[in-house]
Amino acid sequence: FKPGQQPHNTRPIGSYRISRDGNLQRKTSNDKGSNSKRWRCVHELIWVEANGAVPAKHIVVFKPGMHSTALEEITLAKVECISMAENMRRNTLHRYGKEIASTILHHTGISRRF
């Protein structure tokens, strides 16, 4: 593009979209580089607005069973800031034991041996 021009599909700051991970995101800037510099998850923005910056090695996630992509449903009561270690514990299959983890992997179509 010539200087000052942008692609026809460029969205304005403040626009919303749903990410590949199924999270509602808001465009916060037009910075060059990766999309992570321009788009931020709404649930993280809500937590940061109320509590300040996310501490190092922590992430903002929805509380279990409270995920939503509807803007009006994403509230401070539905999100929490957890450590990356806690996030790993919540999302690892090893907490279930070999038999249950193997069943889960089989039903999801992932092939893996324990």
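Quick note: the sequence shown, position 106, residue 173 per our numbering, numbers continuous. All residues carry an ideal CB built from backbone N, CA and C; glycine is no exception.
Simplified DSSP state of residue i, which is helix, strand or coil
| i | result |
| --- | --- |
| LYS94 | strand |
| HIS174 | helix |
| ILE167 | helix |
| ARG84 | strand |
| ARG201 | This structure gives no information on residue 201, because the portion of the chain shown stretches from 68 to 181. |
| ARG157 | helix |
| VAL121 | coil |
| ALA152 | helix |
Distance CB(residue i)-CB(residue j) smaller than 8 Å
| i | j | result |
| --- | --- | --- |
| VAL146 | VAL127 | yes |
| ILE80 | LYS99 | no |
| LEU160 | ALA152 | no |
| THR136 | ILE171 | no |
| ASN97 | ARG107 | no |
Cβ neighbour criterion (16 or more within 10 Å) applied to residue i
| i | result |
| --- | --- |
| PRO74 | exposed |
| HIS141 | Correcting the residue identity first, residue 141 is Ile in this sequence and not His. Buried: at least 16 other Cβ atoms inside 10 Å. |
| GLN72 | exposed |
| ASN90 | buried |
Residue i versus the options, residue with shortest Cα-Cα distance
| i | options | result |
| --- | --- | --- |
| VAL115 | ILE85, ASP88, LEU143 | LEU143 |
| HIS125 | ASN154, ARG78, PRO70 | ASN154 |
| ILE113 | ASN76, SER101, PHE129, SER103 | PHE129 |
Per DSSP, the bridge partner or partners of residue i
| i | result |
| --- | --- |
| GLU147 | VAL128 |
| TRP106 | LYS94 |
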